[in-house]
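*Asks:* Sharing a structure below in structure tokens format, with a few things to ask.
Residue numbers (the working numbering), protein chains in the order written: chain A, -12 to 471; chain B, 7 to 245.
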């Protein structure tokens, strides 16, 4: 998919994820050092490219040939990972320039984040980079993880910081200004069973920034949803991100967690409007206008991203809740309502059709309660009638598996109806070990599953909001047709 | 050269980062933004004549590069219904400005005289403003005036340039949006006219990025079909 006009950015950035030969500058024989941890990632069998170490102190590190400089390596180098003290970074960049390598990830700290001396060093590497067309990620970052190519510059040992995996269903990529968050999310998502394509930590953003990654990930076929964690943009960079996002969001969902609800703009302002603005209100408006979905925190972002990665966007905001537990139905519809989604009652016709086929003690409303003694067949009846009626745009399914009558075949029923109708489904299954396992099976079949009604409601909201972004006026039409 | 360029050049020459009220309104008029009829006058006689031409009641305001906050300097007189009232107001404004100069130690330039404007009939009060965000650039703000903006901060933002659907969304998404639809038996307000003002302000700022901040406060919106008027306008620019 090529959303944006041909531009050099795409190929320049691609090297960071698909480098066939990598040099670790500052590779070290010291156990638990950054320079050793990074090298270790590249000698795992999953990475199929070539790896070299650079450090004048050694001739080999962990069995990898080690050279005093890049010039001494008898091979082209696609990507250099820099893990040396900041003060020698400019010399390293001279070496990179001479070698002709066009991509560098600077892991080391000690640059602009520490003060003017560090800022000067950062300026120097940026200058060398510009002169020789070297794209730079960092400094002061943990770099990138790509779950397909297995490029992995995170210097955090895998037994402490788990690595995410790619999913066959759908994948999310995350761009994080913070390295610590990038690492925590790598670790966390490795447990969540959420498909991840790439994690990129941007650090000081001396060159490669949010906008570059947005352009790249927009056309990356292995990324279905793009997530950002951002603390702030450099002057004017918020605008370029906005301009790109506006073009990307109709084709691919973009989510963001933005911290630093700062008051800088407020202090600087002298007019009425300026003092009311604060910078966060403008940021919020910009995201909204560009079709970027803003989440309050990571948990919300990944709950929404999971739904958006697995399900098609909704064409309208009419939600049907089907449940085998009354309490779960009420709690979930409360949450749906609070998020501004429509929960219309089934029409007279639909009610009659359902009553004909369901036991008399089932509650036919919204929620539809198929009651605790149900098996999968009542869900089948409800989906069949409700989807035929064309009265709903999203289905939220409460699936309480503590009851012995409900078999695992319910997951097939849900997945089949979802696939055939192309209407987005979200499942909520509360419970313990058995339920968790069932949720994993449900997700392998492509339907996102959540542990609480509130989370499922938020997922439904994300599917509706993205439908609104994607379909614009068409989405609204289905909302209008909802009104009597 | 456009009206805006000329005004900004004059302001810069005088070392001002704000434009005078008649200048702001000249610019707005050049973008088709509806403004109550206005004139300027440097003498009491001229003020009376211009007021007669505009039609009573009128408002008089001091016009001086040295006075940004006109009310604080006693430089605003409203609802003037007769020639006598205009003459008296002119003298009083000049006197107040001289006193303001003496008190603050500023040598106040009085050569531009006063701004005279038709005293607009009260409508539903809204505010349209522009601020420049360091990360995102120009953003336009919309909200209802008075307590809605002062106390409840019931305002909404969009980056400039806006599309018409952005402008319509803004008008519809403030918490007090129902007031514009007409409540308690009042007819609905002229939202189309309001959207046109918002779009014109967006275009004006897009074409003149040296505008740093802007307030159209108040802007009156009348019932449907009767339009909207920007009653007071403030523009701050880069030096």
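Even for Gly, the Cβ is constructed at its ideal location relative to N, Cα and C.
#1: I'd like to know whether the C-beta of residue 458 (chain A) is nearer than 9 Å to at least one C-beta of chain B.
#2: Our contact map puts residue 386 (chain A) next to residue 416 (chain A) with C-beta atoms below 8 Å; I'd like the distance itself, whole angstroms only.
#3: What is the DSSP secondary structure of residue 33 (chain B), reduced to helix, strand or coil?
#4: List the residues of chain A whose Cβ lies closer than 8 Å to the Cβ of residue 162 (chain B), in chain order.
#5: Quick check on the burial criterion: 16 or more other C-beta atoms within 10 angstroms. Buried or exposed for residue 107 (chain A)?
#6: Let me know the secondary structure DSSP gives residue 340 (chain A) once reduced to three states.
#7: Return yes when the Cβ of residue 126 (chain B) is within less than 9 Å of the Cβ of residue 103 (chain B), no when it is not.
#8: Here's the rule: buried if 16 or more other CB atoms are within 10 angstroms of the residue's CB, otherwise exposed. What is residue 406 (chain A)?
#9: Buried or exposed, going by whether 16 or more other CB atoms sit within 10 Å of the CB of residue 146 (chain A)?
#10: At a Cβ cut of 7 Å, what residues of the segment 139 to 150 of chain B count as close to chain A, listed as they run along the chain?
#11: Return the chain-ordered list of same chain residues with a C-beta closer than 7 Å to the C-beta of residue 47 (chain B), the five sequence neighbours on each side being excluded.
#12: Listing by chain order, which chain B residues have their CB less than 9 Å from the CB of residue 266 (chain A)?
#13: Please list the residues of the segment 163 to 194 of chain B that have a C-beta atom closer than 7 Å to any C-beta atom in chain A, keeping them in chain order.
#14: Given residue 281 (chain A), which residues of its chain have a CB within under 6 Å of its CB, disregarding the five upstream and five downstream residues?
#15: I think residue 377 (chain A) touches residue 303 (chain A), with their Cβ atoms under 8 Å apart; what is that distance to the nearest whole Å?
#16: Near residue 235 (chain A), what residues of its chain come up, given a Cβ to Cβ distance below 7 Å and the 5 sequence neighbours on each side ignored?
#17: On the CB-based measure, 16 or more other CB atoms within 10 Å of its CB, does residue 88 (chain B) come out buried or exposed?
#18: Determine the closest residue to residue 315 (chain A) out of A:371, A:33 and A:354, with distance taken between C-alpha atoms.
#19: Please state whether DSSP places residue 447 (chain A) in a helix, a strand or coil.
#20: Express the C-alpha separation of residue 359 (chain A) and residue 350 (chain A) in angstroms, rounding to a whole number.
#21: What are the residues of the segment 213 to 241 of chain A that lie near chain B, defined by any Cβ-Cβ distance shorter than 8 Å?
#22: Would you say residue 37 (chain B) and residue 209 (chain B) are within 9 Å of each other, going by their C-beta atoms?
#23: Since residue 114 (chain B) contacts residue 73 (chain B) with CB under 8 Å, what's their CB separation in whole angstroms?
#24: Verify whether the separation of the beta carbon atoms of residue 195 (chain A) and residue 309 (chain A) is less than 9 Å.
#25: Pull the bridge partners of residue 307 (chain A) from the DSSP assignment, please.
#26: Check the DSSP bridge columns for residue 79 (chain A) and list the partner residues they point to.
#27: If you drop the 5 nearest sequence neighbours on each side, which residues of the same chain put their C-beta closer than 6 Å to that of residue 99 (chain A)?
#28: At least one CB of chain A closer than 9 Å to the CB of residue 239 (chain B): is that the case?
#29: With respect to the alpha helix (DSSP H) encompassing residue 197 (chain A), which residues constitute its N-terminal and C-terminal limits?
#30: In its own chain, which residues sit with a C-beta less than 6 Å from the C-beta of residue 96 (chain A), not counting the 5 before and 5 after it?
#31: Work out the CA separation of residue 443 (chain A) and residue 373 (chain A) for me, nearest whole Å.
#32: For the candidate residues A:1, A:370 and A:328, whose alpha-carbon lies nearest to that of residue 344 (chain A)?
#33: Since residue 404 (chain A) is in the alpha helix (DSSP H), which residue starts that stretch and which ends it?
#34: Have a look at residue 183 (chain A) and residue 166 (chain B) and give me their C-alpha separation to the nearest angstrom.
#35: Decide if residue 77 (chain B) is buried, meaning its Cβ has at least 16 other Cβ atoms within 10 Å, or exposed.
#36: So what does DSSP say about residue 288 (chain A), is it helix, strand or coil?
*Replies:* The answer reads as follows:
#1: By this cut-off, residue 458 (chain A) is not an interface position.
#2: About 5 Å separates the CB atoms of residue 386 (chain A) and residue 416 (chain A); that is less than 8 Å, so the two are in contact.
#3: Reduced to three states, the DSSP call for residue 33 (chain B) is helix.
#4: In chain order: 272.
#5: By the neighbour-count rule (16 or more Cβ atoms within 10 Å), residue 107 (chain A) is not buried but exposed.
#6: The answer is helix: DSSP assigns residue 340 (chain A) an H, G or I state.
#7: Inclusion of residue 103 (chain B) and residue 126 (chain B) in the CB contact set at 9 Å is not warranted, their separation being larger than that value.
#8: Around the Cβ of residue 406 (chain A), a 10 Å sphere holds fewer than 16 other Cβ atoms; the residue is exposed.
#9: Answer is exposed; the Cβ neighbour count stays below 16.
#10: Hits within the stretch, in order: 139, 140, 141, 142, 143, 145 and 147.
#11: Counting only Cβ-Cβ distances below 7 Å, and skipping sequence neighbours, we find 53, 56, 119, 120 and 122.
#12: Going along chain B in sequence order, the residues near residue 266 (chain A) (Cβ under 9 Å) are 139, 140, 141 and 142.
#13: Going along the segment 163 to 194 of chain B in chain order, one finds 163, 164, 165 and 172 with a Cβ nearer than 7 Å to chain A.
#14: Once the five neighbours on either side are set aside, the close Cβ partners of residue 281 (chain A) are 243 and 274.
#15: Contact between residue 377 (chain A) and residue 303 (chain A) does not hold, since their C-beta atoms are separated by about 10 Å, which reaches or exceeds 8 Å.
#16: When the five nearest sequence neighbours on each side are left out, the beta carbons in the same chain lying within less than 7 Å of the beta carbon of residue 235 (chain A) are those of -10, 201, 205 and 241, in order along the chain.
#17: By the 16-neighbour rule on beta-carbons within 10 angstroms, residue 88 (chain B) is exposed.
#18: When each option's Cα is compared against that of residue 315 (chain A), the closest is A:354.
#19: Three-state DSSP puts residue 447 (chain A) in a helix.
#20: So the alpha carbons of these two residues sit roughly 12 Å apart.
#21: Correct list: 219, 220, 221, 222, 223, 224, 225, 226 and 229.
#22: Against a cut-off of 9 Å, the Cβ pair of residue 209 (chain B) and residue 37 (chain B) comes out as a contact.
#23: Indeed, because the Cβ distance is near 7 Å, the residues count as touching under 8 Å.
#24: Against a cut-off of 9 Å, the Cβ pair of residue 309 (chain A) and residue 195 (chain A) comes out as no contact.
#25: Residue 307 (chain A) is bridged to A:382.
#26: Beta-bridge pairing links residue 79 (chain A) to no other residue.
#27: Excluding sequence neighbours, residue 99 (chain A) sits near 105, 106, 109 and 191.
#28: Under the 9 Å criterion on CB atoms, residue 239 (chain B) is classed as non-interfacial with respect to chain A.
#29: Here the alpha helix (DSSP H) through residue 197 (chain A) covers 197 to 205.
#30: Taken in chain order, the residues that qualify are 127.
#31: Each residue's Cα considered, the two are about 19 Å apart.
#32: Out of A:1, A:370 and A:328, A:370 has the C-alpha closest to the C-alpha of residue 344 (chain A).
#33: Boundaries of the alpha helix (DSSP H) harbouring residue 404 (chain A): 396 to 408, taken from the DSSP string.
#34: If I take the Cα positions, the gap works out to 35 Å.
#35: It counts as exposed.
#36: Three-state DSSP puts residue 288 (chain A) in a helix.
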